[in-house]
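Trainee: According to the numbering used here, the sequence shown is numbered sequentially starting from 71.
Quick reminder that beta carbons are idealized off the backbone N, C-alpha and C, glycines included.
Mind looking over this structure? Questions follow.
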Amino acid sequence: MSSQEPSKVSGQFHSVKGTAVETIGDVTGMQSWTQSGKEEHAKGEGEYNAAQAKGYVEGVSDRATGYKDSVVGAVTGDKSQQATGNVKNEKGQTQQEINKPTT
Numbered sequence: 071m072s073s074q075e076p077s078k079v080s081g082q083f084h085s086v087k088g089t090a091v092e093t094i095g096d097v098t099g100m101q102s103w104t105q106s107g108k109e110e111h112a113k114g115e116g117e118y119n120a121a122q123a124k125g126y127v128e129g130v131s132d133r134a135t136g137y138k139d140s141v142v143g144a145v146t147g148d149k150s151q152q153a154t155g156n157v158k159n160e161k162g163q164t165q166q167e168i169n170k171p172t173t
């Protein structure tokens, strides 16, 4: 994964760190810390949500590809392709469940 790609871990870290900095700013009355914390929290949440969406889309792609491979394998009698397709389909479903947006 490229360092430019969104990361759930990095997003969560910056969200929590931003909240901590904002709290310190609120307690000490330092507006610059409060503002900086709010900004870092928002950026962290944005990165987390972007990584979550990316994972969900990858899951959709894996499910579709897996389903296609499974069907082709079943139609042609290629049990190996069918099994591989089923595994990829299940992997995609898991990716979608893990990255399902919360409301």
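Can you list the alpha helix (DSSP H) stretches of 4 or more residues lying completely in the segment 99 to 129, in chain order?
Mentor: If we require 4 residues or more, the segment 99 to 129 turns out to have no alpha helix (DSSP H) run fully inside it.
Trainee: Taking the CB atoms as reference points, tell me whether tyrosine 137 and asparagine 159 lie closer together than 7 angstroms.
Mentor: Counted from its first residue, the sequence shown places residue 137 at position 67. Counted from its first residue, the sequence shown places residue 159 at position 89. In this structure, asparagine 159 lies closer than 7 angstroms to tyrosine 137 by Cβ.
Trainee: Alpha carbon to alpha carbon, what distance is there between glycine 155 and aspartate 96?
Mentor: Taking the sequence shown and counting its residues from 1, one reaches residue 96 at position 26. Taking the sequence shown and counting its residues from 1, one reaches residue 155 at position 85. So the two alpha carbons sit approximately 54 angstroms from each other.
Trainee: Look at the Cβ atom of glycine 129, then the Cβ atom of glutamine 151, and state whether they are nearer than 7 angstroms.
Mentor: The residue given as residue 129 occupies position 59 in the sequence shown. The residue given as residue 151 occupies position 81 in the sequence shown. Cβ distance not < 7 angstroms, so glycine 129 and glutamine 151 don't count as in contact.
Trainee: With a threshold of 6 angstroms on Cβ separation, who are the neighbours of glycine 88 within its own chain once the five nearest residues in sequence on each side are excluded?
Mentor: For the purposes of this step, residue 88 is taken as the residue at position 18 of the sequence shown. Correct list, in chain order: Gly107, Glu110, His111, Gly114.
Trainee: What residue range is occupied by the uninterrupted alpha helix (DSSP H) comprising serine 150?
Mentor: Working through the sequence shown from its first residue, we reach residue 150 at position 80. Residues 149 to 168.
Trainee: Helix, strand or coil, according to DSSP, for methionine 71 in the structure here?
Mentor: Position 1 of the sequence shown, counting from 1, holds the residue named residue 71. Interpretation of methionine 71 is limited by its pLDDT of 47, a score under 50 that renders its predicted location unreliable; the figure taken from the coordinates is listed afterwards. Residue state, collapsed to three classes: coil.
Trainee: If you draw a straight line from the alpha carbon of valine 79 to that of serine 102, how long is it in whole angstroms?
Mentor: Indexing the sequence shown from 1 puts residue 79 at position 9. Indexing the sequence shown from 1 puts residue 102 at position 32. Their Cα atoms are separated by approximately 26 angstroms.
Trainee: Assuming the contact rule is C-beta atoms closer than 8 angstroms, alanine 121 and glycine 81 should be a hit. Round their C-beta distance to whole Å, please.
Mentor: Taking the sequence shown and counting its residues from 1, the one referred to as residue 121 is at position 51. Taking the sequence shown and counting its residues from 1, the one referred to as residue 81 is at position 11. With a Cβ gap of about 6 angstroms, alanine 121 and glycine 81 count as contacting.
Trainee: Closest by CA to serine 131, which one among Ser140, Gly162, Gly116?
Mentor: Taking the first residue of the sequence shown as position 1, residue 131 is located at position 61. It is Gly162 whose Cα lies nearest to the Cα of serine 131.
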